[in-house]
Structure formats: C-alpha cells, structure tokens
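Asker: Numbering of the sequence shown is given in full-length UniProt numbering, commencing with residue 1 and proceeding in unit increments.
Using N, Cα and C, we set each Cβ at its ideal position, and we do this for glycine too.
These numbers come from a predicted model, not from an experiment.
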Amino acid sequence: MHKIAVLPGDGTGPEVVNEGLKVMNAAAKVYGFKYETVNFDFGGERYMKTGETLPDAAIEDIKKFDTIYLGAIGHPDVKPGILEVGILLKMRFALDQYINLRPVKLYPGVETPLKDKGPKDIDFVVVRENTGGIYTGLGGVVQKGTPMEIATQVMVYGRPVVERCMKYAYELTRKRNSAKKMLTLVHKCNVLTHCGDLWVRVHKEMGDANYPDIKQDYNHVDACTMWFVKQPEWYDVIVTENLFGDIITDLAAIIQGGLGIAAGGNINPEGVSMFEPMGGSAPKYTGKNVINPLAAISAAGMMLDSLGEEKAARAIDKAVSDVLASGRIKSLAAGRMGMSTSEVGDFVASLVK
Ligand code: IPM
Ligand code: MN
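#1: Between V23 and I254, is the Cβ-Cβ spacing less than 7 Å?
#2: Is T152 helix, strand or coil when you go by DSSP?
#3: Kindly list the residues whose CB is nearer than 7 Å to the CB of I291, restricted to its own chain and excluding five residues on each side of it in sequence; keep chain order.
#4: In the structure shown, what three-state DSSP assignment does H194 receive?
#5: Please list the terminal residues of the continuous beta strand (DSSP E) segment that includes E36.
#6: Roughly how far, in whole angstroms, is the beta-carbon of A295 from the beta-carbon of G279, given that I think they are within contact range, below 8 Å?
#7: Is P160 helix, strand or coil when you go by DSSP?
#8: Using DSSP with H/G/I as helix, E/B as strand and the rest coil, what is H187?
#9: Name the two residues that bound the continuous beta strand (DSSP E) containing T67.
#10: Measure the alpha-carbon distance for E84 versus G132 and round it to whole angstroms.
#11: Going by the C-beta, is residue 354 closer than 6 Å to any heavy atom of the ligand MN?
#12: Looking at the structure shown, is K178 part of a helix, part of a strand, or coil, going by DSSP?
#13: State yes or no: is the C-beta of D246 nearer than 6 Å to some heavy atom of the ligand MN?
#14: Could you tell me which residues DSSP pairs with Y218 in its beta bridges?
#15: Between V237 and V161, which are expected to be in contact by the criterion C-beta below 8 Å, what is the C-beta distance as a whole number of angstroms?
#16: Here's the rule I'm using: 16 or more other beta-carbon atoms within 10 Å means buried, otherwise exposed. How should Q256 be labelled?
#17: Could you tell me the distance, in whole angstroms, from the CA atom of G139 to the CA atom of N268?
#18: From what residue to what residue does the beta strand (DSSP E) around K321 run?
#19: Using the three-state DSSP reduction, which class does residue 376 fall into: helix, strand or coil?
#20: Using only CA atoms, which one of A262, E241, V186 and D197 lies nearest to Y218?
#21: Please determine, among G9, V6 and G32, the residue with the shortest C-alpha to C-alpha distance to E309.
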C-alpha cells in the first residue's frame with residue numbers, strides 16, 4: 001500500500017491533480033497496486049486565512065508518507081516569495097530532497113519552437129542539485145537602504161552534497177542506458193574556480209573510479225543554453241548545481257513544448273520525494289476546466305516510478321505519448337486544447353494498458 005500525501009495547492013492545482021489521480025487509478029486497476037491518499041490544504045488560501053505556510057507539525061505528518069503529489073503553489077494576492085520559500089523550499093530542505101529531476105522529452109505531435117528538431121532530437125534528463133548552492137541562503141545585507149549597502153548570497157557546496165548528487169546522476173545515466181551513455185556536467189568552472197572546480201573534480205574522480213562505462217562531458221552553463229537550441233540531440237543526462245539547473249530547466253521546458261507538458265520531481269532517494277507539474281497555479285484559468293493536466297499526469301507517472309511501480313509508470317508515459325500522437329489535442333495551451341481538462345484526463349486514462 002503506497003501512502004501518498006496530496007497537496008493540490010492553489011489555482012488550477014486541484015484540477016490537474018484530479019486528472020493525475022484519475023490516471024493513477026486507471027493504472028492501479030491494470031497493474032494491481034494499492035494506494036491511499038490524504039489531502040493537505042497548504043497554499044495561498046490557507047496562508048491568507050491563517051498566516052501559515054507549512055508548519056513544522058505538518059512536515060512531521062508528511063514524513064510518514066511514502067511520497068508527495070503537488071499541484072501548484074502561487075496566489076495572486078500573496079506577495080511573491082512567501083509561498084515559494086515557505087512551502088516549496090521549506091519542503092525541499094526539511095525532507096532533504098536533494099535532487100531535482102527534470103526529464104526533457106519532446107513527444108510526437110508536440111510542437112517545439114526549435115526549427116528542424118523532432119522527438120528523436122529532444123530526449124534528455126537534467127539532474128539539478130536541489131538544496132545547496134545559492135539556495136542555501138548563506139549571506140546577508142549591511143547598511144541596508146544607504147548608498148553603501150552591501151548584500152551577499154553565497155554559493156555554498158560541500159563535497160558530500162556534490163558527491164551524492166553526482167552519484168545519483170551517474171546511476172541514472174547507467175540505468176537509462178541510451179546509445180550516448182554520457183553524463184554532461186554543466187557549470188562555470190572558468191569563473192567559479194572554487195565551486196566549479198569541486199564539481200569538475202568530483203565528476204571526473206567518481207566517473208573514472210566507478211563508471212568507466214559512462215562518457216564524461218562538460219559544458220559551461222552559458223554555452224549549454226546555446227547548445228540546447230542548436231543541438232539538443234547532444235545530451236543524454238546533465239548534472240548541474242542548483243541555480244544553473246533552475247535556469248536551464250526552464251529553457252528545456254520550452255523546447256519540449258512548454259509548461260503544459262513539463263513535469264519534475266524533488267527527490268530524496270532515501271526518503272520522501274515530491275512530484276509536481278512545472279507550470280504554475282494559472283489563477284485566471286481556475287475552475288474553468290480548461291487547464292492542461294498532462295504535466296500533472298506525467299508527474300504522477302514519475303511518482304509511481306519512484307515507488308517501484310515501473311511498469312505502471314511506463315504505461316502512463318506511453319498513454320501520454322499516444323494521446324499527443326493522436327493529434328486530437330489541438331494545443332498544449334490552456335483554453336486552446338479543443339478538449340476540457342477532465343476530457344484530457346479521461347482520454348489518457350482510457351489508454352493506460
Ligand atoms: C522551480 C521553481 C522554484 C526554484 C521557485 C518557485 C522557488 O522555479 O522549482 O524551478 O527556484 O527552484
Ligand atoms: Mn524554476
């Protein structure tokens with residue numbers, strides 16, 4: 001029995017989560033696994049009513065679950081930063097979800113803004129370090145508001161934090177076992193001569209010692225953004241530090257068709273992970289049954305994979321791919337799908353075999 005904490009969150013979050021659970025239910029019938037869900041109401045509405053984002057007691061509750069399924073966090077009446085830091089980042093740190101996993105796959109039938117690129121060219125995974133670097137929050141401000149104000153926010157990396165991320169990335173590269181079998185480190189070691197150099201050495205040392213079957217490759221992050229556009233087919237698995245990963249995964253989302261299709265996981269391989277669609281809470285579409293649920297459905301698939309239900313996960317991925325290949329969804333954009341949110345969910349669920 002898998003115990004799943006569900007955080008539908010704000011805006012269209014609850015609508016897309018419904019469709020993800022619908023598809024998961026279909027997969028459970030076919031593959032014979034059991035699960036139970038418990039809902040938590042964290043998000044902007046609750047914050048406005050109670051002033052609470054994610055209380056410590058809730059974290060202790062959530063730790064008792066096997067996994068977390070998140071809809072969206074973000075509310076137009078809450079100042080930016082409060083919910084992001086108070087819920088998303090707090091969860092990542094409290095549960096030590098040290099990997100941000102972002103598959104980047106262009107499904108057949110999906111339009112990419114890249115000229116002359118198709119599904120065979122865009123199929124890679126980004127492993128973003130998810131708790132360290134600038135996100136650690138070390139730094140401060142002095143003489144605030146004066147002409148001499150100084151602010152710092154430091155990139156912090158300890159070797160164990162780099163090593164556990166690197167190990168995850170190498171293992172994933174081996175498991176993917178693609179024809180390229182290559183792990184590209186993305187950093188900026190020509191300028192970040194301390195942090196970058198640490199990543200470069202860990203990449204090489206670990207690869208040489210334990211992963212002789214895997215090719216080692218390196219890109220500076222600025223160059224990587226050019227290659228994503230010019231030659232995405234180069235990549236198999238990318239490993240990178242937190243902030244660079246944040247930036248390049250948004251670029252990656254747009255080349256795979258946009259936020260309507262991009263899913264991700266905040267993963268603690270030894271603990272409780274959290275899976276989510278990358279798109280936001282889309283307040284203006286709330287309650288209209290027009291938002292695209294495919295990213296949330298893919299996130300549910302990733303969640304099942306992490307729970308050991310690999311066949312069910314593959315079946316969901318195939319169903320999403322078949323739905324898109326059918327050409328019956330006119331656009332991935334909200335309100336332009338030519339189908340409602342729940343119809344898309346029904347369609348995917350019907351193809352889970
Ligand atoms: C993401 C988001 C978050 C991040 C924000 C909302 C804190 O952009 O998951 O990529 O910066 O990591
Ligand atoms: Mn981001």
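Answerer: With the structure as the only source:
#1: No.
#2: strand
#3: T12, E15, V16, A282, Y285, A334 and T341
#4: coil
#5: Y35 to N39
#6: 6 Å
#7: Note: P160 maps to helix in three-state DSSP.
#8: strand
#9: Element bounds for T67: T67 to A72.
#10: When rounded, the separation of the alpha-carbon atoms in E84 and G132 is 16 Å.
#11: No answer is possible for residue 354: it lies beyond the span of the chain, which begins at 1 and ends at 353.
#12: According to the sequence provided, residue 178 is Ser. The question's Lys does not apply to it. In the structure shown, S178 sits in coil (DSSP, three-state: anything other than H, G, I, E or B).
#13: yes
#14: L185
#15: Between V161 and V237 the Cβ distance is about 19 Å, and since that is not below 8 Å, they are no contact.
#16: buried
#17: Going from the Cα of G139 to the Cα of N268 covers about 26 Å.
#18: Lys is not the amino acid found at residue 321; the sequence shown has Ser there. Unbroken run through S321 is the alpha helix (DSSP H), E310 to A325; no beta strand (DSSP E).
#19: Given a span of 1 to 353 for the chain in the structure shown, any question on residue 376 remains unanswerable.
#20: V186
#21: G32
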